[in-house]
Amino acid sequence: MTDGITSEAGTTVSASPANQSVLVVTGMSGAGRSTVGNALEDLGWYVVDNLPPQMLRPLLDLAGHSGDRLSRVAVVVDVRGGQLLSELNAPGPGGVRPQLKLLFLEANDAALVRRFEAVRRPHPMQGTGTLLDGITAERALTLAVREQSDIIIDTSELNIHQLASAINDLFSDDERPGVRVTLTSFGFKYGVPTDADMVADARFLPNPFWLPELRPLTGKDEQVRDYVLGQPGALEFVERYADALAPVLAGYQRENKSHATIAVGCTGGKHRSVAVVERLATLIAGQPGVVVSVKHRDLGRE
């Protein structure tokens, strides 16, 4: 997505500057600095938030000497301190400097007023004046930084998901998966996982616990797996659930939701849910842009 994203010269940015080792993120209050920082962190950048401008030069020097250890650093800076440009232009020791890009976030007055009113917070520069007074003062203060920025993003018409998608388009590594899925089995008697985005119930299947030869085994054992998945409706349920998840996970990628937790429960989290999760993992792992990890929360509690 490139709408609202321009270079210093006013042209649309078409290439990702992901090869830059340090990205300085600044701009107007309320324009989305925190959203950009979170999006970059999800992309694997090392993000330093709310760094005082006077600390920027030491960080740049550190990044310049660190090599691969800090290969992609994003620094979110409040430009109101007035020292940003002087710190960026200060010479580094030994002439070692990382490659640097400056990203400036802006929005029109109406959008900024609406956002501050929505959270019921004053503008940090309004003092005893109005919201518009604070925005006008900050816009004047940040003008010089805006003019020297490499990338400018106007967030006036972007919600947080669209802004995150824009950052993903500009800075993501093409080899990075679109969404990381954690499949977790659990036992309902121990409680539903609080971080689950979706929950499925495998208790409609016969419980291997009541078979003496299967009771000491788990859903990771072949005998239990074959028993659970061999029950009427079991494979149909798993396969249809995987099919139903495909458009959901594709939508997560479009909305820049990079993580999802899908939980499958049975009574104790030892047999049925474990077998179902193991099978479901093999099916979901084949979907585009999806990387799957498996967790058996309650295995070993009985």
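Going by the numbering used here, 130 is the number at position 5 of the sequence shown; the sequence numbering is gapless. Idealized CB from N, CA, C, for every residue including glycine. Since we're looking at a predicted model, the values are computed, not measured.
Where the alpha helix (DSSP H) containing residue i begins and where it ends
i: alanine 371; result: 359-379
i: serine 403; result: At residue 403 the sequence reads glutamate, which differs from the serine that was named. That run of the alpha helix (DSSP H) goes 397-409.
i: glutamine 287; result: 285-296
i: tyrosine 122; result: This structure leaves residue 122 out entirely; the chain is present only between 126 and 427.
Residue i burial status per 10 Å Cβ neighbour count (16 or more: buried)
i: leucine 237; result: buried
i: tryptophan 170; result: buried
i: asparagine 163; result: buried
i: serine 418; result: exposed
i: threonine 255; result: exposed
i: histidine 384; result: exposed
i: methionine 153; result: buried
i: proline 333; result: buried
i: phenylalanine 329; result: exposed
i: valine 389; result: buried
i: glutamate 282; result: exposed
i: glycine 219; result: The predicted model places glycine 219 with a pLDDT of 49, which falls under 50 and marks its position as unreliable; any figure quoted below should be read in that light. The residue in question, glycine 219, is exposed, as its Cβ has fewer than 16 Cβ neighbours within 10 Å.
i: threonine 407; result: exposed
i: glycine 355; result: exposed
i: valine 221; result: Unreliable positioning characterises valine 221 in this predicted model, as indicated by a pLDDT of 45, which lies under 50. The coordinate reading is nonetheless provided below. Exposed: under 16 other Cβ atoms inside 10 Å.
i: proline 247; result: exposed
i: alanine 291; result: buried
i: glutamate 403; result: buried
i: leucine 228; result: buried
i: alanine 359; result: buried
i: leucine 185; result: buried
Of the residues the options, the one placed nearest residue i, counting alpha carbons only
i: glycine 393; options: Arg379, Arg350, Ala327, Gly376; result: Ala327
i: proline 357; options: Pro331, Leu256, Leu336; result: Pro331
i: proline 413; options: Asp368, Phe362, Val204, Val363; result: Asp368
i: alanine 199; options: Thr160, Glu166, Arg182; result: Glu166
i: alanine 289; options: His421, Leu168, Val416; result: Leu168
i: arginine 240; options: Gly425, Gly316, Ala156; result: Ala156
i: alanine 325; options: Pro337, Tyr315, Pro341, Ser310; result: Ser310
i: glycine 411; options: Glu364, His421, Arg426; result: Glu364
i: tyrosine 366; options: Lys420, Glu347, Val401, Val161; result: Val401
i: glycine 303; options: Arg397, Glu263, Val415, Gly252; result: Val415
i: isoleucine 278; options: Thr253, Arg426, Glu403, Val161; result: Val161
i: arginine 379; options: Ile409, Asp294, Gly344, Ala321; result: Asp294
i: alanine 269; options: Thr151, His421, Pro337, Lys395; result: Thr151
i: serine 159; options: Ile260, Asn233, Asn284, Asp234; result: Asn284
Endpoints, the beta strand (DSSP E) within which residue i is located
i: histidine 248; result: Premise fails: histidine 248 is in no beta strand (DSSP E) and is neither H nor E.
i: alanine 262; result: Premise fails: alanine 262 lies in the alpha helix (DSSP H), 256-266, not in any beta strand (DSSP E).
i: glycine 312; result: 304-312
i: valine 202; result: Per DSSP, valine 202 belongs to no beta strand (DSSP E) and is neither H nor E.
i: tyrosine 171; result: 171-173
Beta bridge counterpart(s) of residue i as assigned by DSSP
i: aspartate 326; result: Gly390
i: phenylalanine 229; result: Thr151, Ile277
i: valine 415; result: Val304
i: alanine 385; result: Val306
i: histidine 421; result: Ser310
Cutoff 9 Å: residue i Cβ touching any chain B Cβ
i: valine 204; result: Looking for chain B here will not work: only one protein chain is present.
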